[in-house]
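Residue numbers (the numbering used here): 176 to 462.
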Amino acid sequence: MNMIVKTIDRIKRINLHLHTNVSDGALSPKKLIDRAIDIKLDLLSITDHDTFEAYRHIDIKSLPLKILPGMEISSIHKGYDVHMLAYAYDMNNRELAEMTDMYLSGRRDRAVLMIEKLAELGMEISLDEVVAFAGARELIVRPHIAQAMVKRGYVANKNEAFDKYIGNNKPAFVHKPELLVGEVIKLIQNAGGFAVVAHPGKLAQPEFMEELIDLGIDGIEVWHPDHYQYQIEEFTQLALKKGLYLTGGSDYHGEQDNHNLFDNVPVKELVLDSVNKLWKEYQCRLN
Numbered sequence: 176m177n178m179i180v181k182t183i184d185r186i187k188r189i190n191l192h193l194h195t196n197v198s199d200g201a202l203s204p205k206k207l208i209d210r211a212i213d214i215k216l217d218l219l220s221i222t223d224h225d226t227f228e229a230y231r232h233i234d235i236k237s238l239p240l241k242i243l244p245g246m247e248i249s250s251i252h253k254g255y256d257v258h259m260l261a262y263a264y265d266m267n268n269r270e271l272a273e274m275t276d277m278y279l280s281g282r283r284d285r286a287v288l289m290i291e292k293l294a295e296l297g298m299e300i301s302l303d304e305v306v307a308f309a310g311a312r313e314l315i316v317r318p319h320i321a322q323a324m325v326k327r328g329y330v331a332n333k334n335e336a337f338d339k340y341i342g343n344n345k346p347a348f349v350h351k352p353e354l355l356v357g358e359v360i361k362l363i364q365n366a367g368g369f370a371v372v373a374h375p376g377k378l379a380q381p382e383f384m385e386e387l388i389d390l391g392i393d394g395i396e397v398w399h400p401d402h403y404q405y406q407i408e409e410f411t412q413l414a415l416k417k418g419l420y421l422t423g424g425s426d427y428h429g430e431q432d433n434h435n436l437f438d439n440v441p442v443k444e445l446v447l448d449s450v451n452k453l454w455k456e457y458q459c460r461l462n
């Protein structure tokens with residue numbers, strides 16, 4: 176009897192990396208949840224950039240699927256961007272809330288500076304135009320600036336905006352305020368959460384992975400649509416060797432031309448085993 180219950184309760188269809196229009200996604204939190212229900216996901220995590228505001232718009236306990244609280248947090252390691260996925264944290268944690276407020280104001284200040292640089296390049300856009308794409312909470316990320324540039328006709332699409340003007344080290348690029356990756360890991364863990372390296376295949380230096388492990392991460396996002404198969408295998412074996420959680424997600428933003436599809440993430444049983452353990456640990460912490 177216990178074996179039957181265990182089989183029924185086992186999480187099989189997951190997507191632990193999804194964005195809403197609270198940050199730079201296209202769908203509202205409610206529409207994203209509705210779609211997840213339609214495709215019969217067992218477990219998902221909304222991981223908006225540097226904010227958990229999406230969870231203010233949904234009632235986790237009333238939904239017919241499991242929700243793992245998530246967030247994708249920006250950080251810096253040796254001068255390079257590293258994104259950390261925070262899972263199962265306490266949204267009432269004061270230090271974590273202060274961090275999200277810091278990023279919120281910092282991104283707005285950054286947007287002002289980037290708009291000024293674009294003006295110097297002959298591309299006039301206003302902060303109000305950018306904010307219009309950012310949503311109610313006004314968490315401004317670079318795709319919102321790109322959208323304003325497209326609307327004005329300065330570029331044909333967002334990719335061109337990034338490639339020519341606002342991508343890393345391009346003429347209108349400005350660094351956003353970020354904490355050191357070690358600080359972010361501690362913040363997540365002090366808030367009762369798990370710190371997982373997002374899309375490690377995008378790390379600027381391969382050796383950063385071992386350094387992040389030494390800093391105390393809890394897991395690795397082994398499956399991501401931008402990972403090659405050999406990377407998935409390497410990250411899987413590394414996580415198993417180091418006793419870390421294995422996760423996977425599509426990094427969905429909701430754009431039609433986005434190759435990161437919203438669906439059941441095709442992870443192996445090893446990853447599902449780990450995600451089931453992560454969910455059970457989260458439930459134990461709640462109780």
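Note that the Cβ used here is the ideal one computed from N, Cα and C, for glycine as well.
What you are looking at is a predicted structure, and each value in this text was computed from that prediction instead of being measured.
Pick from the options that is closest to residue i, judged by C-alpha positions
i      : options                           : result
Arg185 : Leu238, Met289, Leu453 and Gly391 : Leu453
Thr411 : Val397, Met266, Thr275 and Ala347 : Val397
Gly245 : Phe383, Lys187 and Ala366         : Ala366
Leu260 : Met384, Ser220 and Ile341         : Ser220
Tyr420 : Leu436, Gly368 and Ile395         : Ile395
Pro352 : Lys187, Ile242, Asp256 and Leu193 : Asp256
Leu155 : Glu247, Ile208, Asp225 and His258 : Past the edges of the chain, shown from 176 to 462, lies residue 155, and the structure says nothing about it.
Lys416 : Glu304, Leu445, Glu430 and Gly423 : Leu445
Thr422 : Leu413, Glu430, Ser449 and Gly429 : Ser449
Lys253 : Leu354, Ala309, Val305 and Leu436 : Leu354
Ile233 : Pro375, Ile208 and Glu247         : Ile208
Val197 : Phe308, Ile189 and Ala263         : Phe308
Asp401 : Leu243, Ile392, Gly424 and Pro346 : Gly424
Ile235 : Ala263, Ile251, Asn268 and Pro346 : Ala263
Ala336 : Ala347, Ala321, Lys345 and Arg327 : Ala321
Ser301 : Ser280, Arg327 and Leu447         : Arg327
Asn157 : Ala347, Ala331, Ile251 and Phe227 : The question about residue 157 has no answer here: the residues shown for the chain are numbered 176 through 462.
Leu378 : Asp225, His194 and Ser249         : Ser249
Leu279 : Leu238, Gly429, Gly418 and Ile315 : Ile315
Lys333 : Glu430, Val442 and Leu447         : Glu430
Arg282 : Leu271, Ile251, Thr195 and Asp225 : Asp225
Val287 : Val306, Glu270, Arg210 and Asn190 : Val306
Leu461 : Asp265, Phe383, Pro204 and Val356 : Asp265
Ala347 : Met289, Thr195, His319 and His399 : Met289
Asp438 : Asp393, Pro239, Ala211 and Thr195 : Ala211
Cβ separation of residue i and residue j, assumed to be a contact under 8 angstroms, to the nearest whole Å
i      : j      : result
Val349 : Arg285 : 5 angstroms
Leu390 : Ile341 : At roughly 30 angstroms, the Cβ-Cβ gap does not stay under 8 angstroms, so Leu390 and Ile341 are not in contact.
His194 : His428 : 5 angstroms
Straight-line gap, residue i to residue j (C-alpha atoms, nearest Å)
i      : j      : result
Ala294 : Lys215 : 47 angstroms
Ile183 : Asp217 : Because Ile183 sits at a pLDDT of 48, beneath the cut-off of 50, its placement in the model cannot be relied upon, and the point is left open.
Gln458 : Arg317 : 35 angstroms
Ala229 : Glu408 : 32 angstroms
Ala323 : Pro381 : 35 angstroms
Leu202 : Asp426 : 13 angstroms
Asp223 : Leu296 : 31 angstroms
Tyr403 : Val440 : 15 angstroms
Glu358 : Asp338 : 31 angstroms
Glu299 : Glu291 : 8 angstroms
Met274 : Tyr405 : 35 angstroms
Lys241 : Tyr329 : 43 angstroms
Met277 : Arg231 : 19 angstroms
Ile436 : Gly376 : The residue asked about is misnamed: residue 436 is Leu in this sequence, not Ile. Distance between the alpha carbons of Leu436 and Gly376: 18 angstroms.
Ala373 : Leu243 : 16 angstroms
Glu385 : Leu362 : 20 angstroms
Glu304 : Asp199 : 15 angstroms
Asn451 : Lys187 : 9 angstroms
Lys206 : Ser237 : 15 angstroms
Phe369 : Glu456 : 10 angstroms
Asn344 : Gln364 : 32 angstroms
Leu447 : Ala272 : 30 angstroms
Lys443 : Val325 : 40 angstroms
Ala414 : Phe383 : 14 angstroms
Ile251 : Val356 : 5 angstroms
Glu270 : Gly418 : 28 angstroms
Pro204 : His319 : 18 angstroms
Asp393 : Ala331 : 41 angstroms
Glu247 : Ile189 : 17 angstroms
The ligand GDP heavy atom lying under 7 angstroms from the CB of residue i
i      : result
Leu279 : Judged by which ligands are present, the structure shown has none, so any question about the ligand GDP falls away.
Strand pairing of residue i, partner residues [DSSP]
i      : result
Glu385 : In the DSSP output, where bridge partners are listed per residue, Glu385 has none listed.
Glu396 : Thr422
Tyr427 : Leu193
Every unbroken beta strand (DSSP E) inside the segment 239 to 291 [3 residues or more]:
As far as the segment 239 to 291 is concerned, its whole beta strand (DSSP E) runs of at least 3 residues are 245 to 252 and 255 to 262.
Which runs of the alpha helix (DSSP H) spanning at least 4 residues fall entirely within the segment 182 to 237, listed in chain order?
Counting only runs of 4 or more, we get 204 to 213.
Entirely within the segment 349 to 381 and at least 3 residues each: give me those beta strand (DSSP E) ranges in chain order.
Taking only runs of at least 3 residues, the beta strand (DSSP E) segments lying wholly in the segment 349 to 381 are 369 to 372.
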